[in-house]
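Okay, so the sequence shown: first residue is -8 according to the working numbering, each after it adds one.
Structure, as structure tokens:
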Amino acid sequence: VWDVHYNIAPSEPGGHFLLVPEISIPSNRRQQKLLPSDCSDIVELGRACEGELCFNYNSPNAGASQNHLHLHAWVVPTPYAVTTRPVLPDSTVTLFDGAVEASVLDWPAACVRVRGGTSEQGGAVLSALCHEVPTHNIVVLGGDAYAFLRAVDGEVSDGVPFLKMGACQLLGHFIVDTNAQFDAASR
């Protein structure tokens, strides 16, 4: 069970929402780490919104702005380029008797697209990826989920050292606070 809150920062034209586990449930009072059920929930939410909302999770050391378990959601203004990227040759694995396909995409960051199956099956694949690579970002856009698998020290880039690289940035959407940050991110 997730509570949804309107989030005033960062400001997004269509709204920015914060999803947090219902804290009245004792098992939800836990560390910032996705459980298999959380991964299934994110896939289910993404599919229910049919790509109109982007859902994402930033793990510690991967752009998380606060050290508590939470998801972000916002209206997708235009399709993100990652959704049309080709699959790297010989990188697709099928799971659950062919129901789920996991493919490495041709993208500047390590990105695995998870497609097909039930929400529970897609969530299980995401959960396994999160377990294997503890520093990660999860993005769900409609029926596809994207796992950005990160190095522990990869949260900040030399090109924009003032900005943590979270899911938004990995999608190519940079949120800045000053003109100087805008100029640096626009290079």
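Beta carbons: idealized from backbone N, C-alpha and C, even for Gly.
Just so it is clear, the structure is predicted and the values come from calculations on it, not from any experiment.
- Exposed unless 16 or more other CB atoms sit within 10 angstroms - verdict on GLY37: buried
- Straight-line gap, ALA14 to LEU60 (C-alpha atoms, nearest Å): Here residue 14 is Ile; the residue named in the question, Ala, does not match the sequence. One C-alpha to the other measures close to 11 Å.
- Buried or exposed for ASP32, please, with buried defined as at least 16 other CB atoms from any protein chain shown within 10 angstroms of its CB. buried
- Query: Taking the runs of the alpha helix (DSSP H) that are 4 residues or longer, which of them lie wholly in the region 20 to 102?
  - Reply: 27 to 39
- Task: Check each candidate in CYS40, ASN49 and PRO27 and name the one with the smallest Cα separation from LYS155.
- Result: ASN49
- Using the C-alpha atoms, what's the distance from GLU41 back to GLU74? The sequence given here places Thr at residue 74; Glu does not occur at that position. Cα-Cα distance, rounded: 13 Å.
- Query: Quick one: what's got a C-beta closer than 7 Å to ALA100's C-beta in the same chain, skipping five residues either side?
  - Reply: PHE139 and LEU161
- Task: Measure the beta-carbon distance from GLY107 to PRO27 and round it to whole angstroms, keeping in mind my assumption that it falls under 8 Å.
- Result: The Cβ separation is near 17 Å, so there is no contact.
- Task: Assuming ALA53 and ARG141 form a contact by the criterion Cβ under 8 Å, report the distance between their Cβ atoms to the nearest whole angstrom.
- Result: 5 Å
- State the start and end residues of the unbroken alpha helix (DSSP H) segment that holds ALA138. Counting along the chain, ALA138 falls outside any alpha helix (DSSP H), though it belongs to the beta strand (DSSP E) covering 135 to 140.
- Query: Can you tell me where the alpha helix (DSSP H) with VAL116 in it begins and where it stops?
  - Reply: 110 to 123
- Query: Cβ of GLN22 less than 8 Å from any chain E Cβ?
  - Reply: Note that chain E does not occur in the displayed structure, where there is just one protein chain.
- Query: Under a three-way DSSP split, which group does PRO17 fall into?
  - Reply: helix
- Under the three-state DSSP convention, the category LEU162 falls into: coil
- Item | Supposed contact pair VAL105 and ALA64 - C-beta distance, whole angstroms, cut 8 Å | Incorrect: roughly 18 Å between the Cβ atoms, too far for contact.
- Task: Classify VAL(-8) as buried or exposed, calling it buried when 16 or more other Cβ atoms lie within 10 Å of its own Cβ.
- Result: exposed
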